[in-house]
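> Could you have a look at this structure, given as structure tokens, before my questions?
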Amino acid sequence: MKAKAILACLILWPAAACFILTAACSSTPDRRLGPGDSATSSDDDFLDNPGGDSTGDERDSLPTDDDPADPYADSDDIAADADLAEEPEREPLSEEELSPDADSDEAIEHETDAADQTAERLVIRVPNVLAVGGSSPLQAVYYEEGGGSRDVSAEAIWTSFNPAVATIDAAAPLLRGVGEGEAAIQARYDSLYSPQIFVRVRPRVRVEARGLWVNRWAHDSAAKVEAIIDKAHRSGFNQIYFQVRGTFDAYYDSTLEPWARMGSKPLGVDPGWDPLQTAIEAAHSRGLELHAWINAFTLWQSATPPTESAPRHMYLQHPEWVMQNANHEPMPLTEYIWASPGNAAVRAHNTAVALDIAARYAVDGLHLDRIRYPSPAYSHDPASEAAYAAAQIERPGLDWYDWEREQVVAQVGEIYAALRDHAPNVVLSAAVMGIYTDIWGWGGVTEGYNDWLQDSRAMVEQGVLDALIPMVYWSCREAYGGFTDFCALVDDHATHATDRFLYIGSDLRASGDVRIEQPAGGRVNYESWPQIERQIEYVRQTSAQGWVLYDYGDMETVGYWDELAEGPFAEPAETPFMWWR
């Protein structure tokens, strides 16, 4: 039977290796060879704060009624071996990657006719590029004639035609790079053979995510955005998490939400430049990834309602979206106003916003913050109570708080599904609380699961997130496992990691011992450079694939740019490849 082949290269992000899908329908081997992707930050927005809930949200371990966006008020591939891309402890996946060279960014596609799509065939997934010492899962899918398919990766017989360059661990199965050069890879299942596909093995490189959070108060001009990203690049960062939505407003050109207030420009007025597009161009021109950071459920923050604008702000358009307490009283304007995750209309709007960004801007990823409730006291809005009552009919005995946690996970899943269907090259990450539950019995800390109704582990267990970024905004203590010990918290997250990536978030203001005078008066404690360096190196010893720092504004204050460039980030690194995408 004549051999058929399908070649498709998925480019997932600039530093990711391309995977090649190949298919064959044949009873004899096909021996043809073929080619294989803050300005000082305001108290209102420390990454729900990836530190607290947002990049800075969790800086304070004690509960507070203050603004949940304030990390001080809201107690609301780093490879397994950090030296070089080594195989991680978590089997059977590897942390090192596979990163492409310049020409692997070219998408290669070969179409087949309709008959090919229904013929019996074997499809294999093989990396185009692999590093010496690196490894990558291999996948084989058998398609039955006329329809139906199943994964036969473990049953297939895999062959490397140049084992001095690439070998195959059949048990996993894993492809391992052992020497520089090229090797053809082929799979056989019963009497079906796939075409042979080249993998190029290159010298080993460090593979790890090195992210920097840039909140919306930092980028007040195009020149400032350019300077921020240039400084991050020169210091060795390879990812920028750039905030483009704070309170259902936009720091980009949107038809769904009004322009955010910027400088002297009021809500809804075009500032004359596009912060997101400026950041994308600045990042990509330097080889950095740009992830658009959006607050999920923070609806408004001001002592007065939003002014009229076009489009109209959702606080005015949908007052029923505002969270309500047990007495059915909406959140007052004296607080940070949140929209209710239990209202399906809120989630649908958030999904539309996320998809709009992914479809119209060349972002590498979307980054969710404030993806939680502000406290267990909320929300008893009519839509949430009606939805919960309906869920109880189908699931008698369903706990109210469990249901609320499910709504948060549902929001992540809805955005993830929309991206996979309409913007598959865009990855999804989330900044989550640094303490999932207090398994150490510390007391006096807030837990993501209980205090913020955020089940971050369910997000990765259900596979609706590509990267989880816990905001571990505390220091490494002298004694391991001491109160809010960074090292113990990192290990807890690593122990519960899945096949989705884990990046660890650090905060420059966690519980530092360096006191610096502030321009507006007063002093703030910052982490010392030895503490930051210790955190980076500790993360590198775990199964986490990356490290993200909160935030740019504080980095300007402490000035650790050169220390990073000459120390932990002296060797360039590529971002890890998300093999499942």
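Reminder that position 47 of the sequence shown reads as 33 in the working numbering, one-by-one numbering, no gaps. Note that beta-carbon positions come from the ideal geometry of N, C-alpha and C, so glycine has one too. Predicted model only: the values in this text are computed from it and were never measured.
Could you pull out every residue in the same chain whose Cβ sits closer than 6 Å to the Cβ of threonine 423, ignoring the five residues on either side in sequence?
Glu433, Tyr435
> Less than 7 Å between the CB of alanine 157 and some heavy atom of the ligand GDP, yes or no?
Inclusion of the ligand GDP in the displayed structure is not the case, the ligand content being empty and no account of it being possible.
> Going by beta-carbon coordinates alone, are histidine 366 and glutamine 310 separated by less than 8 Å?
yes
> What separation, rounded to the nearest whole angstrom, lies between the Cα atoms of histidine 299 and valine 109?
49 Å
> Excluding the five sequence neighbours on either side, which residues of its own chain have a C-beta within less than 7 Å of the C-beta of alanine 480, listed in chain order?
Leu488, Thr528, Ser529, Ala530
> Evaluate aspartate 31 with the Cβ neighbour count: other Cβ atoms within 10 Å of its Cβ, from every protein chain shown; 16 or more gives buried, anything less gives exposed.
Per-residue confidence for aspartate 31 stands at a pLDDT of 42, beneath the threshold of 50, marking its modelled position as unreliable; the derived number appears in the next sentence. It counts as buried.
> Roughly how many angstroms lie between the CA atoms of arginine 202 and glutamine 229, to the nearest whole one?
5 Å
> Drop a sphere of 10 angstroms on the beta-carbon of leucine 494, count the other beta-carbons inside from all chains shown, and report buried for 16 or more, exposed for fewer.
Buried, because 16 or more other Cβ atoms sit within 10 Å of the Cβ of leucine 494.
> Among all the DSSP beta bridges, which residues are the ones paired with alanine 453?
For alanine 453, the pairing in a beta bridge is given by DSSP as Ser415, Phe487.
> Just the C-alpha distance for tryptophan 571 and isoleucine 357, rounded to the nearest angstrom, thanks.
Residue 571 is absent from the model: the chain starts at -13 and stops at 567.
> Does leucine 276 have its Cβ less than 8 Å from a Cβ in chain D?
The question asks about chain D, but that chain is absent: this structure has only one protein chain.
> Taking contact to mean 3 or more Cβ pairs, one atom from each stretch, closer than 8 Å, check whether the segment 152 to 163 and the segment 176 to 184 are in contact.
no
> Please work out which residues of its chain come closer than 6 Å, Cβ to Cβ, to aspartate 235, disregarding the five sequence neighbours upstream and downstream, and give them in chain order.
Glu243, Pro244, Ala246
> If we ignore side chains and look at the alpha-carbon of each, how far apart do histidine 219 and arginine 272 end up?
Histidine 219 and arginine 272 have their C-alpha atoms roughly 7 Å apart.
> Is it right to say glutamine 393 is buried, meaning 16 or more other beta carbons lie within 10 angstroms of its own, or is it exposed?
With a threshold of 16 other beta carbon atoms within 10 Å, glutamine 393 meets it and is buried.
> Is it buried or exposed, histidine 408, if we count other Cβ atoms within 10 angstroms and call 16 or more buried?
Classification of histidine 408: exposed, given that the 10 Å Cβ count is below 16.
> What separation, rounded to the nearest whole angstrom, lies between the Cα atoms of tyrosine 387 and serine 514?
39 Å
> Terminal residues of the continuous beta strand (DSSP E) containing isoleucine 590?
What the structure shows of the chain is the stretch from -13 to 567, and residue 590 is not part of that stretch, so it cannot be assessed.
> Aspartate 614 to proline 360, Cα distance in whole Å?
In the structure as shown, the chain begins at -13 and stops at 567. Residue 614 is therefore absent and cannot be evaluated.
> Just the Cα atoms here: how many angstroms apart are alanine 105 and valine 185?
26 Å
> Need the endpoints of the beta strand (DSSP E) that glutamine 225 sits in, please.
225 to 231
> Buried or exposed for glutamate 390, going by 16 or more other Cβ atoms inside 10 Å?
buried
> Can you list, in chain order, the stretches of the beta strand (DSSP E) that have 3 or more residues and sit fully within the segment 284 to 318?
284 to 286
> Does the distance from the C-beta atom of valine 398 to that of valine 450 stay below 8 Å?
In contact: valine 398 and valine 450 (Cβ atoms closer than 8 Å).
> Quick one, which of Val127, Glu168, Ile143, Trp259 has its alpha-carbon nearest arginine 136's?
Val127
> Checking the sheet assignment: what are the DSSP bridge partners for proline 123?
Leu160
> Which residue comes first and which comes last in the alpha helix (DSSP H) that contains tyrosine 347?
Element bounds for tyrosine 347: n/a, residue is neither H nor E.
> When you compare each of Arg192, Ala312, Ser221 to aspartate 548 by their alpha carbons, which one comes out closest?
Ser221
> According to DSSP, histidine 353 sits in a beta bridge with which residue or residues?
Trp279, Ser415
> In angstroms with no decimal places, state the Cα-to-Cα distance between alanine 417 and alanine 142.
39 Å
> Taking the alpha-carbon positions, what's the arginine 363 to alanine 312 distance?
The displayed chain sequence assigns alanine, not arginine, to residue 363. Straight-line Cα distance between these residues: approximately 7 Å.
> Compare the beta carbon distance of arginine 406 and aspartate 452 with 8 Å and say whether it is the shorter of the two.
no
> How would you write the range of the beta strand (DSSP E) that glutamate 168 sits in, first residue to last?
167 to 175
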